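J.: Residue numbers (the numbering used here), protein chains in the order written: chain Z, 654 to 1345; chain F, 39 to 327.
Okay, handing you the structure first.
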Amino acid sequence: MNDTVIHAPPLLDVRNLTVRYGGHLDHAAVRDVSFLLHPGEALGIVGESGSGKSSIAGAILDFLDPSVRIDGQILFEGRDLTRLSRKDRRAVLGRRIGSVFQDPFTALNPALRIGRQIAEPIVRHLGVKPYEAARRAVDLLHEMGIQRAEEVAGAFPHQLSGGMKQRALIAAALACEPPLLILDEPTTALDVTVEAQILRLLARQRQQKRVSLLFISHNLGIVQRLCDRVAVMYASQFVELGTVHSVLEQSAHPYSKGLLASRPPLRAAARGNRLPAIRGQMPSMPRPDTACVFTPRCPFAEARCTEGAQVLTAASPGHLARCWKADQVGDWPRQGVEAIDQGPFRPGDALVNVTRLRKTFSARRGLAAWRLSVAAGRPRLRYQPSEVAAVDDVSLSVSPGEVLGLVGESGCGKSTLGRLALRLLHQTAGSVEFDGADLSHVSGSDLTTFRKQAQIVFQNIGSSLNPRLSVGEAIERPLALFGLAKPHERRQRVEELLDMVRLPSSYRQRYPHQLSGGERQRVAIARALATEPRFIVCDEPVSALDVSVQAAIVNLLADLRDQFGLAYLFISHDLAVVAQLSDRVAVMYQGRICEIGTPAELLASPRHPYTRMLLAAVKEDPMPEERPAGYQVATSALGCAFAARCPHCLPSLCDTTPPPLRTITASHEAACHFELSSETRHEVASVSTIIS
Amino acid sequence: MAARLTDAVALDVVAARRSPLPRALIIGATIVLVLLIAAALAKVIAPYPFDQMHIRDRLSPPSLHYLAGTDEYGRDVFSRLLIGSQLSLLLGVIATLISMGIGVPLGLLAGYRRGLTDEVIMRALDIMMAFPPIMLVLLILAVTQPSLVKTAFAIGVLSAPPIGRVTRSVTLDLMSGEFMEAARARGERLHYVLRRELLPNVWPLLMVEASLRVVFAVLLGAVLSFLGFGVQPPAADWGLMISDGRAFVDKAPWISLAPGIAMSITVIGISLLGDGLREVLDPRMDGRR
């Protein structure tokens, strides 16, 4: 940071901002928040869901319901936004403040072309003629690193990928060259490789146009990459504020320490390893006037913590923390590591065996599949149904007690694979064997036995439980269905199951909407456990959860695995979470397994270019340059699925010949024509594939 | 642009204002309750027998003697209104029960099974919807002797397709829920899934639809009586009363107006009740139980 930036008048000066829903102070979503944002600076606001971080953006952007009471001042370029008339305020928003939100999939109007949506603010705020604005829109798209910008400008939103849409939205937000850009979780809905691209784009825009960023996120890693200063928010208050370096490297507040500690590290973990988690959950109606609101979850708490409100005090110059003992707090406690290196399973002794599995979905059939073409001057009508292979020639196995991680970006077919393994979908070709029996031939009582032994835990905490069934009813159902407990024993068994997932037995009578996300996921796990399964497909079980809760659920899954010898197929897009829990990890791209190995092998010496790209995206390494593929990545039916994006691609080979799964060590295999070594980026085409 | 709230905050906001019942529910329930009591106690409340003629007071305007005036035979309109409400409400309720009995299971099945089952059920319902309802009811009633049960049945069958459609669309929505997939992963039987997993979630919206159907049945019943195919004179019925009053609209508008107003109040009351019930029943719309 240079001094001139610090001494310039602030661009945004928020003073004692309080946002109340429903009039009571108890329902304040934001409480007495003050911060400065200087021109060209990037401030990150980090917090878990419900901490009030989005309400700050809402207050600045005037997005909140009119019934919401906003106190305090929001000085932007010296003017208090809260006192401006609606009309004046609208002139500031869009013109002087740009904004980008989490969900690029719904933020664009599906009925308007992209170019028009970017040109709209230019016409409206700058009074530029429409055709001139349309030209500028194309330039802006080009600046956002979009190839073939003119084509994209003429496209409708549904024709673009999520990353493309978010680029278009950033282009629209920057259209009037505003000095301030407010971003609310702009990359949360995107894949990690796309996220890395968007972050690089934002960093570049910031540098070139000297835009200030107010960046709201739950992800500490992203804030670290992009911001100069960071505020940590907990239960409606800032608990820590300082430079990125001081807050993330020398955090003073126990909550910040806990958040940082509960992030799974990107490295292979021993079986006995557990993540340090923050116990309990954030209070929904905090009362910070009488005590520190973090006390119930704080391992450093003592009597004095509940003897009055905590104030933000300087831990070091320019670094504020809301904790009276900030200077005495040590490291967040880590849980003991038991030395279990190897699971109780024997490789080769498979519980689930998937062989050459293939599942296709028809993308076009019925009337839509008729195509009109003109051949030799004659129109011809042909029936051309098209199919998409969601899972394509996949073979893998899971041993009893083993955790197989499955990583890939959205749409790669990992969830389909999980559902095929449970016979929730029927495969097009190939076979799934469970305990030696081919599932496609299982029926009647054998099928019931299989259903009992193989269960599933889902990602979507909003819909994994029936909103009309109480927790007790939901967990009791499998007991009744499979006759696992006599009617009078069921209640006791339900309480045992709740205890297994660390929930009090009183939760039996609760309904899903009365539970937090983490609690719902625990109930869903208890419901799966109720059948006493041997194999559980965990489909992104922690993706929808906050970091501190995520750590607790990952630990719970690890505990249950060790206690009952469960085998998991653990599906996630997050390599760090997968590495934490898995014995082996499979990386999936467009329906195929491109690399499989132990977490240590995969993280230390990834052999497939796609694995490398995934790792680089989360490690903040310079990403390997992708081949420019425009806005549609087509898979060639013949060659390597990744060829279109691969920096190492040799078109004559990769586009025509499918890469074989090459054995690197006994447990490590990769599907690539090249032997990419761990040290160098230079590759040697293997002789065998060229000959074939 | 709508307020962007995080889940936790939104829950708290709802919790804060959960205590009072929705105003629609209170007003609607009051109106319906008063109507039901009035209908049940019609014989007691009514100042005169519904068919008693007061020849000297023919076509007299509303007064303290005759609260809603008298008709061309000198019968007390208010008493006839009360007695008539019995038939109208009974018709509405029976017809709606019949239509739900047919429409809900079909809608659940179509939405859950999809594919061929869905096509067959929905196309069959479409064909039924394609008939002009009055024509069909008239046809049924014209070839047989009119009776309340038959009228109710005809209207009920006619109202089944819209109920089926609503049920199916809600079911389709629920099918994407992961709890449905969890049920399949347990190998649940059709009966359990429809009754325990789906039906309770369909109820809130069905309440609204059912209230609309009651209204529809009451109105259609009145139309039939008006056309002379429903309740036969000298019985008292709102539709019949409007029909009878037609000839005297210029001299004695109260004969037609009074049942018209009664019908409007009934319609409004039931609709408000349905709306209010949905708000209370939907677990996502209240804070805590």
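Quick reminder that beta carbons are idealized off the backbone N, C-alpha and C, glycines included.
Given the structure is predicted, the values throughout are model-derived calculations rather than measurements.
Could you pull out every residue in the same chain whose Cβ sits closer than 7 Å to the Cβ of F:T108, ignoring the five residues on either side in sequence?
T.: Here residue 108 of chain F is taken as the residue at index 70 of the second sequence, counted from 1. Taken in chain order, the residues that qualify are H92, D95, R96, L97, S98, D114, V115.
J.: Helix, strand or coil for Z:Q755, going by three-state DSSP, please let me know.
T.: Residue numbering aside, residue 755 of chain Z sits at position 102 when the first sequence is read from its first letter. Residue state for Z:Q755 is assigned as coil, using DSSP reduced to three classes.
J.: Which parts of the region 1193-1230 of chain Z are runs of the beta strand (DSSP E), unbroken and 3 residues or longer, counting only runs that do not cross its ends?
T.: 1220-1225
J.: Give me the chain Z residues within the contact set of F:G225, using Cβ-Cβ distance strictly less than 7 Å, ordered along the chain.
T.: Along the second sequence, one-based indexing puts residue 225 of chain F at 187. Simply L1100, T1101, R1104.
J.: Can you give me the start and stop residues for the beta strand (DSSP E) that Z:R1031 sits inside?
T.: Numbered from its first residue, the first sequence carries residue 1031 of chain Z at position 378. That run of the beta strand (DSSP E) goes 1031-1036.
J.: Residues of chain Z with CB under 8 Å from F:F169, in chain order?
T.: As a first step, residue 169 of chain F is located in the second sequence; it is residue number 131 there, counting from the start. Neighbours of F:F169 on chain Z: none; closest Cβ ~28 Å, over 8 Å.
J.: Given a threshold of 16 other Cβ atoms within 10 Å of its Cβ, counted over all protein chains shown, does Z:L1025 qualify as buried or as exposed?
T.: To locate residue 1025 of chain Z, count along the first sequence from 1; it is residue 372. It is exposed - the Cβ of Z:L1025 has fewer than 16 other Cβ atoms within 10 Å.
J.: Can you check whether the C-beta of Z:P986 is within less than 9 Å of a C-beta belonging to chain F?
T.: What you label residue 986 of chain Z is simply residue 333 of the first sequence in a count that begins at 1. Cβ-Cβ to chain F under 9 Å: no for Z:P986.
J.: Three Cβ pairs or more, each shorter than 8 Å: is that satisfied between the region 192-204 of chain F and the region 215-234 of chain F?
T.: Contact fails between the region 192-204 of chain F and the region 215-234 of chain F, because fewer than three Cβ pairs, one in each stretch, are under 8 Å apart.
J.: On the DSSP bridge assignment, give the partners of Z:E1086 in chain order.
T.: Your numbering for residue 1086 of chain Z matches position 433 in the first sequence. Answer is Z:N1006, Z:D1091.
J.: Counting only the same chain and skipping the five closest in sequence on each side, list residues whose C-beta sits under 8 Å from that of Z:S704.
T.: On the first sequence, residue 704 of chain Z is found 51 positions in, with the first residue counted as 1. If we look at Z:S704 and ignore the five residues flanking it on each side, its Cβ neighbours are M886, Y887, A888, S889, M935.
J.: Can you find a CB in chain Z that lies within less than 9 Å of the CB of F:P238?
T.: Within the second sequence, residue 238 of chain F is the residue found at index 200, counting from 1. Chain Z contact via Cβ: present.
J.: Output the boundary residues of the alpha helix (DSSP H) element that contains Z:D792.
T.: Within the first sequence, numbered from 1, the residue matching residue 792 of chain Z stands at position 139. Unbroken alpha helix (DSSP H) run through Z:D792: 783-796.
J.: Go to Z:M1153, then tell me how far its beta strand (DSSP E) extends in each direction, as first and last residue.
T.: Position 500 of the first sequence holds residue 1153 of chain Z. First-last for Z:M1153: 1140-1153, but that is the alpha helix (DSSP H), not the beta strand (DSSP E).
J.: Run through chain F and tell me which residues come within less than 8 Å of Z:R863, C-beta to C-beta.
T.: Reading the first sequence from its first residue, position 210 is the one you call residue 863 of chain Z. Here the premise fails: no neighbours, minimum Cβ distance about 28 Å.
J.: Using the Cα positions of Z:R1260 and Z:L852, report the straight-line distance between them to the nearest angstrom.
T.: Locating residue 1260 of chain Z in the first sequence gives position 607, where the first residue counts as 1. Locating residue 852 of chain Z in the first sequence gives position 199, where the first residue counts as 1. When rounded, the distance between both Cα atoms is 26 Å.
J.: What does the alpha-carbon distance come out to for the pair Z:D1046 and Z:K818?
T.: Here residue 1046 of chain Z corresponds to residue number 393 of the first sequence, with the count starting at 1. Here residue 818 of chain Z corresponds to residue number 165 of the first sequence, with the count starting at 1. Those two C-alpha atoms are separated by around 32 Å.
J.: In whole angstroms, what separates the C-alpha of Z:Q965 from that of Z:R987?
T.: Position 312 of the first sequence, counted from the start, is the residue given in the question as residue 965 of chain Z. Position 334 of the first sequence, counted from the start, is the residue given in the question as residue 987 of chain Z. It is Leu, not Gln, that sits at residue 965 of chain Z in the sequence shown. So the alpha carbons of these two residues sit roughly 27 Å apart.
J.: Given a cut-off of 9 Å, decide if Z:P1165 and Z:R1175 are closer than it, judged by their beta-carbon atoms.
T.: Position 522 of the first sequence, counted from the start, is the residue given in the question as residue 1175 of chain Z. Position 512 of the first sequence, counted from the start, is the residue given in the question as residue 1165 of chain Z. No, these two residues do not count as a Cβ contact at 9 Å.
J.: For the alpha helix (DSSP H) containing F:G283, list its first residue and its last residue.
T.: As a first step, residue 283 of chain F is located in the second sequence; it is residue number 245 there, counting from the start. It spans 276-283 - the alpha helix (DSSP H) in which F:G283 sits, taken as one unbroken run.
J.: So, at 6 Å on beta carbons, what are the nonlocal neighbours of Z:L827 in its own chain, with the 5 sequence-adjacent residues on each side left out?
T.: By 1-based counting over the first sequence, the position of residue 827 of chain Z is 174. Once the five neighbours on either side are set aside, the close Cβ partners of Z:L827 are G751.
J.: Tell me which same chain residues have a C-beta within less than 8 Å of the C-beta of F:T248, skipping the five on either side of it?
T.: Residue 248 of chain F sits at position 210 when you count from the first residue of the second sequence. A quick correction: the sequence has Ala, not Thr, at residue 248 of chain F. Closer than 8 Å at Cβ, skipping near neighbours: T134, M138, I201, G312.
J.: Just mark Z:W1023 as buried or exposed, buried being the case when its beta carbon has 16 or more other beta carbons within 10 Å.
T.: Position 370 of the first sequence holds residue 1023 of chain Z. Burial call: exposed.
J.: So the beta strand (DSSP E) Z:R722 belongs to, where does it begin and stop?
T.: Residue mapping note: residue 722 of chain Z aligns to position 69 of the first sequence, counting from 1. Per DSSP, Z:R722 belongs to the beta strand (DSSP E) from 722-729.
J.: Taking 9 Å as the CB-CB cut-off, is F:V317 touching chain Z?
T.: Translated into the one-based positions of the second sequence, residue 317 of chain F becomes position 279. First, the residue type needs correcting, since residue 317 of chain F is Glu and not Val in the sequence shown. Not flagged as an interface residue toward chain Z: F:E317, since no C-beta distance is shorter than 9 Å.
J.: For Z:I1343, collect the residues of the same chain with a Cβ closer than 6 Å to its Cβ; drop the 5 residues on either side in sequence, then sort them by chain order.
T.: Along the first sequence, read from residue 1 onward, the residue named residue 1343 of chain Z stands at position 690. Per-residue confidence for Z:I1343 stands at a pLDDT of 42, beneath the threshold of 50, marking its modelled position as unreliable; the derived number appears in the next sentence. Counting only Cβ-Cβ distances below 6 Å, and skipping sequence neighbours, we find nothing.
J.: For Z:Y908, name the three-state secondary structure that DSSP assigns.
T.: Sequence index remark: in the first sequence, residue 908 of chain Z carries index 255 (1-based). Correct three-state label for Z:Y908: helix.
J.: Z:N1113 versus chain F: which residues are under 7 Å apart at the beta carbon?
T.: By 1-based counting over the first sequence, the position of residue 1113 of chain Z is 460. Ordered by position in chain F, the residues that pass the 7 Å Cβ test against Z:N1113 are E216.
J.: 9 Å is my cut-off, CB to CB: does Z:Q1285 come that close to chain F?
T.: Taking the first residue of the first sequence as position 1, residue 1285 of chain Z is located at position 632. Any reading at Z:Q1285 must be qualified, since the residue scores a pLDDT of 41, below 50, and its modelled position is unreliable; no value is offered.
J.: Taking the alpha helix (DSSP H) that F:N239 belongs to, which residues open and close that run?
T.: Sequence index remark: in the second sequence, residue 239 of chain F carries index 201 (1-based). F:N239 -> alpha helix (DSSP H) spans 237-265.
J.: Rank Z:V745, Z:L1228, Z:I723, Z:S720 by C-alpha distance to the C-alpha of Z:G731 and give the top, closest one.
T.: In the first sequence, the residue the question calls residue 731 of chain Z occupies position 78. For the residues Z:V745, Z:L1228, Z:I723, Z:S720, the minimum Cα distance to Z:G731 belongs to Z:V745.
J.: Report the rounded CA-to-CA distance for Z:K910 versus Z:W985, giving the unit in angstroms.
T.: Locating residue 910 of chain Z in the first sequence gives position 257, where the first residue counts as 1. Locating residue 985 of chain Z in the first sequence gives position 332, where the first residue counts as 1. Approximately 6 Å between the Cα atoms of the pair.
J.: Nearest to Z:K706 by CA position, among Z:E796, Z:L1010, Z:H871, is which residue?
T.: Along the first sequence, one-based indexing puts residue 706 of chain Z at 53. The shortest Cα separation from Z:K706 among Z:E796, Z:L1010, Z:H871 belongs to Z:H871.
J.: Skipping 5 residues on each side, what residues in its chain have a beta carbon closer than 6 Å to that of F:G145?
T.: Mapped onto the second sequence, residue 145 of chain F falls at position 107. Taken in chain order, the residues that qualify are G202, T205, R206.
J.: Between Z:S937 and Z:V1060, is the Cβ-Cβ spacing less than 9 Å?
T.: Numbered from 1 along the first sequence, position 284 holds the residue referred to as residue 937 of chain Z. Numbered from 1 along the first sequence, position 407 holds the residue referred to as residue 1060 of chain Z. No, the pair does not count as a contact, with Cβ atoms beyond the cut-off.
J.: At which residues does the alpha helix (DSSP H) containing F:Q124 begin and terminate?
T.: For the purposes of this step, residue 124 of chain F is taken as the residue at position 86 of the second sequence. Counting along the chain, the alpha helix (DSSP H) containing F:Q124 begins and ends at 115-151.
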